[in-house]
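Line by line, the protein sequences give chains A and B.
Take the first sequence: its letter number 135 is residue 136 in the working numbering, and every next letter is one higher.
Take the second sequence: its letter number 64 is residue 65 in the working numbering, and every next letter is one higher.
Worksheet: the structure to be examined is printed underneath.
Number of protein chains: 2
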Amino acid sequence: MAIFKQLFDEGTSTFTYLIADEHTRSALLIDPVHEQHDRDQAVLRELGLTLKYVLETHVHADHITGGGRLRHETDALFIAGKGTGLDCADRLIANGETLQMDSITIHALATPGHTDGCTSYRWENRLFTGDTILIDACGRTDFQQGSPEALFNSIQQLLAFPDETLIYPGHDYNGKWISCVGQEKTINPYIAGLDLPAFVAKMKALNLPKPRRIDVAVPANVLCGGANVPRAPGETEAA
Amino acid sequence: MAIFKQLFDEGTSTFTYLIADEHTRSALLIDPVHEQHDRDQAVLRELGLTLKYVLETHVHADHITGGGRLRHETDALFIAGKGTGLDCADRLIANGETLQMDSITIHALATPGHTDGCTSYRWENRLFTGDTILIDACGRTDFQQGSPEALFNSIQQLLAFPDETLIYPGHDYNGKWISCVGQEKTINPYIAGLDLPAFVAKMKALNLPKPRRIDVAVPANVLCGGANVPRAPGETEAA
Numbered sequence: 002m003a004i005f006k007q008l009f010d011e012g013t014s015t016f017t018y019l020i021a022d023e024h025t026r027s028a029l030l031i032d033p034v035h036e037q038h039d040r041d042q043a044v045l046r047e048l049g050l051t052l053k054y055v056l057e058t059h060v061h062a063d064h065i066t067g068g069g070r071l072r073h074e075t076d077a078l079f080i081a082g083k084g085t086g087l088d089c090a091d092r093l094i095a096n097g098e099t100l101q102m103d104s105i106t107i108h109a110l111a112t113p114g115h116t117d118g119c120t121s122y123r124w125e126n127r128l129f130t131g132d133t134i135l136i137d138a139c140g141r142t143d144f145q146q147g148s149p150e151a152l153f154n155s156i157q158q159l160l161a162f163p164d165e166t167l168i169y170p171g172h173d174y175n176g177k178w179i180s181c182v183g184q185e186k187t188i189n190p191y192i193a194g195l196d197l198p199a200f201v202a203k204m205k206a207l208n209l210p211k212p213r214r215i216d217v218a219v220p221a222n223v224l225c226g227g228a229n230v231p232r233a234p235g236e237t238e239a240a
Numbered sequence: 002m003a004i005f006k007q008l009f010d011e012g013t014s015t016f017t018y019l020i021a022d023e024h025t026r027s028a029l030l031i032d033p034v035h036e037q038h039d040r041d042q043a044v045l046r047e048l049g050l051t052l053k054y055v056l057e058t059h060v061h062a063d064h065i066t067g068g069g070r071l072r073h074e075t076d077a078l079f080i081a082g083k084g085t086g087l088d089c090a091d092r093l094i095a096n097g098e099t100l101q102m103d104s105i106t107i108h109a110l111a112t113p114g115h116t117d118g119c120t121s122y123r124w125e126n127r128l129f130t131g132d133t134i135l136i137d138a139c140g141r142t143d144f145q146q147g148s149p150e151a152l153f154n155s156i157q158q159l160l161a162f163p164d165e166t167l168i169y170p171g172h173d174y175n176g177k178w179i180s181c182v183g184q185e186k187t188i189n190p191y192i193a194g195l196d197l198p199a200f201v202a203k204m205k206a207l208n209l210p211k212p213r214r215i216d217v218a219v220p221a222n223v224l225c226g227g228a229n230v231p232r233a234p235g236e237t238e239a240a
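Here's what the structure looks like:
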């Protein structure tokens, strides 16, 4: 059985996910947060794990990725969706591609809409949806090339998995941790009973305030975090 | 990978869970509902499964178990918690005992409180909590030997599993399907921040109406459902 931990950053209500092969002790983190670097390193150390990969679901506007510093201090490779176009990434993973880490297989799903580079990751029956599907909500579409039409289609793509498929979101602001496809179909007010025009109208009417940290977070995240050290070609994993 | 399905009865807001070994096609159902007999049989047929066991989390007050008719029409054995004392069961499973169905191992956890015979079942990282923990709620304790003190202790026993352990409840009345230990610790108003005296006081103050179907459901369920056919000794699985 693999190792799986769901970690939470109170400051930005961000979930970070740890997945590791229990035999080889290789580990990956999805969406680490810069301010939680010490926590993440402590968890890795306590469990005797070696960080191999950092996976980003998108270029975040609300927090700086912890991937930059983690890459700097470990041998981990930085992976983001192809749609991000991030030059600093070690690998840009495209829709349908997989990442194999020993016994762990991660499937990439391009799910643009919140941003144009958003990628969800599937590991067995778990979907890590980033800001594409949140519990009872979804990512906003009013900045960073957001598109309600694209988001609608991406959400439908994720809802095509069986009802029992687990949904692990990028954030939650109300203490919720987990959902599944069946639950989101039933009660998510941005999903249940909404067709494309109704969804687009709902998203366009939201009129949300500008994210507090966007002017700091996005410039840092397009450089793969605060401690971006470009790798030499020989060190870079082939895509 | 095993087969897993979460089914719902709209009439009584009851979840029924199907677990099957994908290779041998042996299946078990947790908490089937009498009125959903045709649905359950159809699902088994469509998936090419053979029902081997029906597991009850407790003697229900809100619906008649589907286990009686299923046992009558298949070779399935009827299993309930030892605390139920059900003479009609094929096996009474005690705290700490396991049920092995090919590659599937089910661990029984005695979790009295809602009723004195309540049993939760653990399969890998999934807890089927019956009415012991509901999402954002818990079972009532004002009938069928209910005890808020016992329920508090049973809930603590389940919360001792890691935060990522999935919680599949016996019911939900608000469209929710799934939770986990970490989420229930954080936001369940019957759990978060409540010690034993506060929990007992909260439960005693609930003053709930009598369940609509209790006078029909309990007498049927203490006979293991509507079509109880006691097995000959040779047919009975040893406990």
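We put the beta carbon where it would ideally sit given N, CA and C, even for glycine.
Buried/exposed call for residue i, threshold 16 Cβ in 10 Å
i	result
valine 60(B)	buried
arginine 141(A)	buried
tyrosine 191(B)	buried
alanine 202(A)	exposed
proline 220(A)	exposed
alanine 111(A)	buried
proline 198(B)	exposed
glycine 49(A)	exposed
alanine 21(B)	buried
lysine 211(A)	exposed
asparagine 208(B)	exposed
methionine 204(A)	buried
alanine 151(B)	buried
alanine 77(A)	buried
Cβ of residue i within 7 Å of any chain B Cβ
i	result
glutamate 165(A)	yes
tryptophan 178(A)	yes
phenylalanine 153(A)	no
alanine 184(A)	The sequence shown places glutamine at residue 184(A), not alanine. True, the Cβ-Cβ gap to chain B drops below 7 Å.
glutamine 158(A)	no
glutamine 7(A)	yes
glycine 235(A)	Bear in mind that a pLDDT of 47 at glycine 235(A), under 50, signals an unreliable position, so the number given afterwards is only what the model happens to contain. No - not a single Cβ of chain B is within 7 Å of the one on glycine 235(A).
Closer than 7 Å to chain A by CB, residue i
i	result
threonine 187(B)	yes
glycine 12(B)	no
cysteine 1(B)	As displayed, chain B neither begins before 2 nor continues past 240, which places residue 1(B) out of reach and without an answer.
glutamine 101(B)	no
glycine 147(B)	no
Closer than 6 Å: residue i CB and nearest the ligand ADP heavy atom
i	result
serine 104(B)	Of the ligands one can find in the structure shown there are none, so the ligand ADP has no counterpart to examine.
Cβ-Cβ distance between residue i and residue j below 7 Å
i	j	result
serine 27(B)	aspartate 103(B)	yes
glycine 84(A)	aspartate 117(A)	yes
aspartate 75(A)	leucine 52(A)	As written in the sequence, residue 75(A) is threonine, which differs from the aspartate given in the question. Against a cut-off of 7 Å, the Cβ pair of leucine 52(A) and threonine 75(A) comes out as a contact.
alanine 95(A)	leucine 87(A)	no
valine 44(A)	threonine 15(A)	no
aspartate 196(B)	valine 182(B)	no
threonine 66(A)	asparagine 222(A)	yes
histidine 172(A)	glycine 147(A)	no
cysteine 139(B)	glycine 131(B)	no
alanine 109(A)	glutamate 125(A)	no
phenylalanine 144(B)	phenylalanine 200(B)	no
Same chain, Cβ closer than 6 Å to residue i, neighbours up to 5 away in sequence not counted
i	result
phenylalanine 79(B)	Val55, Gly68, Arg72, Ala90, Asp91, Cys225
leucine 100(B)	Ile107
arginine 214(B)	Asp63
valine 217(B)	none
lysine 6(A)	Leu19
tyrosine 174(A)	Ser14
aspartate 258(B)	Since the first residue shown for chain B is 2 and the last is 240, residue 258(B) is missing from the structure and cannot be characterised.
phenylalanine 162(A)	Val182
leucine 8(A)	Thr17
lysine 177(A)	Ile136
Same chain, Cβ closer than 7 Å to residue i, neighbours up to 5 away in sequence not counted
i	result
isoleucine 134(B)	Ile156, Leu159, Ile168, Pro170, Glu185
phenylalanine 129(B)	Tyr18, Ile31, Thr58, Ser121, Tyr122, Tyr169
arginine 127(A)	Leu167, Tyr169
alanine 193(A)	Lys186, Thr187
Contacting residues, own chain, Cβ-Cβ under 8 Å from residue i (five flanking each side not counted)
i	result
isoleucine 105(B)	Ala3, Ile20, Ala21, Asp22, Ser27, Leu29, Trp124
arginine 40(A)	Leu8
Task: Entirely enclosed beta strand (DSSP E) segments - the region 110-189 of chain B, minimum 3 residues - done: 120-124, 127-131, 167-170
TODO: Return the chain-ordered ranges of every beta strand (DSSP E) run that is complete within the region 35-65 of chain B and spans a minimum of 3 residues.
DONE: 51-56
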